[in-house]
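Colleague: Structure incoming, see below.
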Amino acid sequence: MFAPLCKSLLKRNVESGGTIVRRPFIITTTILALAAVTSARADDLKVALIYGKTGPLEAYAKQTETGLQMGFEYATKGTMTLDGRKIVVITKDDQGKPDLSKAALAEAYQDDKADIAIGTTSSAAALAILPVAEENKKILIVEPAVADQITGEKWNRYIFRTGRNSSQDAISNAVAIGKQGVTVATLAQDYAFGRDGVAAFKEALAKTGATLAAEEYAPTSTTDFTAVGQRLFDALKDKPGRKIIWVIWAGAGNPLAKLQDMDPKRYGIELSTGGNILPALAAYKGLPGMEGATYYYYDIPKNPVNDWFVAEHQKRFKAPPDFFTAGGFAAAMSVVAAVTKAKSTDTEKLITAMEGLEFDTPKGKMVFRKEDHQALQSMYHFKVKVDPNVAWAVLEPVRELKIEDMDVPVKNKR
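Going letter by letter, the sequence shown gives residues -13 to 400 in the numbering used here.
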């Protein structure tokens, strides 16, 4: 994820404390009109959505659900059928908890006879359910969890991911701001998310000709950034050329605003970070001109899929689609493309069809890389523009960062 996140929408994900849960009751609904689970027929195409509908990541989860339904509608031209089978989506709330997520996915595969599953919102929960897909020999499309380990060392051959990974986030930001004559310092949270993100950013930044002057890590609970900010300023202030502090932060704290309050401009220092959901972009209005890279912003991609998506979402919800709505839509598009190519929901036929599969999304083309099943995809270099008539900061496109512009490493042991 990126910085800063709205406190009201996202708190730090608190996972369960090792409690053993033996087959809990999982609340099951469907997002398709008149398609109750009890009425699902044996020949229906059943897709399970495991997501944190309640809990700290519910804003993300609800967007995923909306995008998934809209994606199936678009891909099936409104018929909600595929290869003569009705698509039934079974939703299961894991509350962002690994133990509940494992139980929910096992229930979906074994009791609900789901052909394919999609999920989940929390990276910790997603990592917990990877073995469940392998045990049941069923496809799991990971959306939107971002941890590199999902398609890295914890990956198995039943896992595909439409969501971007942490490396894609970091590399796209390095490509967006890095060039000869630029000096960068980084600020990240002092745990795996922050350190892994900076590691990927550093590697990509080195290839751009930019120089890394300093790395700072702060506890996730940090609210006073005065000392760390001063160290970052000291590392950059005497450097020639363009000077940038790049921030990777999830949850509370809002280091960007705190650093901005310290007046980095007096040293010619700029701030940078990645994109976010629209409510969180409200905080970016205090940072006009800031550059970074984002996974999605509704007004940037120009293609027929996104045109339909934006117009239809605006019509239905009186608001544009957001970061994770696009992800849910992409996951649905991948399912339709895979089943259409495989002409089956047999797992082995699906794996064969999905490795190297190209499919359309609101972001344009995605490709499931054969080596690790990570969806390679465009990202977007943006510049913040403030419009008083828009509640959030507008992300103006600078350039599309295409698949070939980003060297995303394969991190599994296949």
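Quick reminder that beta carbons are idealized off the backbone N, C-alpha and C, glycines included.
All values derive from a computational prediction rather than experimental measurement.
Give a yes or no on whether the C-beta atoms belonging to A162 and A318 are separated by under 8 Å.
Modeller: It is not a contact, given that the beta carbons lie outside the stated cut-off.
Colleague: From D346 to K369, what distance separates their C-alpha atoms?
Modeller: Near 26 Å, if we compare the C-alpha coordinates of K369 and D346.
Colleague: To the nearest whole angstrom, what separates the beta carbons of S153 and P395, a pair I think is in contact under 8 Å?
Modeller: About 6 Å; that satisfies the 8 Å criterion.
Colleague: Tell me, to the nearest whole angstrom, how far the beta carbon of Y366 is from that of P348; I am working on the premise that it is less than 8 Å.
Modeller: That pair is no contact at about 12 Å.
Colleague: Mind the definition here: the stretch 193 to 209 touches the stretch 157 to 177 only if three or more C-beta pairs lie below 8 Å; say whether that holds.
Modeller: Contact between the stretch 193 to 209 and the stretch 157 to 177 is present, because at least three Cβ pairs lie under 8 Å.
Colleague: On the criterion of 16 or more Cβ atoms from any shown chain inside 10 Å, does P374 qualify as buried, or is it exposed?
Modeller: It is exposed - the Cβ of P374 has fewer than 16 other Cβ atoms within 10 Å.
Colleague: Using DSSP with H/G/I as helix, E/B as strand and the rest coil, what is T194?
Modeller: Here T194 sits in coil by DSSP.
Colleague: Look up H367 in the DSSP assignment and say whether it is helix, strand or coil.
Modeller: H367 falls in the strand class under three-state DSSP.
Colleague: Going by DSSP, what residues sit across from Q175 in a beta bridge?
Modeller: BP columns for Q175 point to A204.
Colleague: Would you give the residue range spanned by the beta strand (DSSP E) that Q141 belongs to?
Modeller: Residue identity differs from the one stated: residue 141 is Trp in this sequence, not Gln. Counting along the chain, W141 falls outside any beta strand (DSSP E), and DSSP gives it neither H nor E.
Colleague: Tell me the start and end of each unbroken beta strand (DSSP E) in the stretch 37 to 107 that is at least 3 residues and wholly inside, in chain order.
Modeller: Counting whole runs of 3 or more residues, the stretch 37 to 107 contains the beta strand (DSSP E) stretches 71 to 79, 102 to 105.
Colleague: For a test of the three-state rule: what should DSSP assign to R252, helix, strand or coil?
Modeller: DSSP places R252 in helix when its eight states are reduced to three.
Colleague: Between D176, Y177, V184, which has its C-alpha nearest V170's C-alpha?
Modeller: For the residues D176, Y177, V184, the minimum Cα distance to V170 belongs to V184.
Colleague: Could you give the C-beta distance for S414 and W232, rounded to a whole number, given that I count them as a contact under 8 Å?
Modeller: The chain is shown from -13 up to 400; residue 414 falls before or after that span and cannot be answered.
Colleague: With a CB to CB cut of under 7 Å and the five nearest residues on each side skipped, what residues in its chain are close to R9?
Modeller: Unreliable positioning characterises R9 in this predicted model, as indicated by a pLDDT of 38, which lies under 50. The coordinate reading is nonetheless provided below. A89, listed in sequence order.
Colleague: With DSSP run on the structure shown, which of helix, strand or coil describes P383?
Modeller: P383: strand per DSSP, three-state reduction.
Colleague: Can at least three beta-carbon pairs, one atom from the stretch 92 to 99 and one from the stretch 26 to 39, be found at a separation below 8 Å?
Modeller: Taking 8 Å as the limit for Cβ pairs, the verdict is that the stretch 26 to 39 does touch the stretch 92 to 99.
Colleague: For V321, report the span of its alpha helix (DSSP H) as first-last.
Modeller: Note, V321: alpha helix (DSSP H), 309 to 328.
Colleague: At which residues does the alpha helix (DSSP H) containing V161 begin and terminate?
Modeller: Where V161 is concerned, the enclosing alpha helix (DSSP H) stretches over 152 to 163.
Colleague: Is the CB-CB distance between V132 and R228 below 8 Å?
Modeller: Contact: no.
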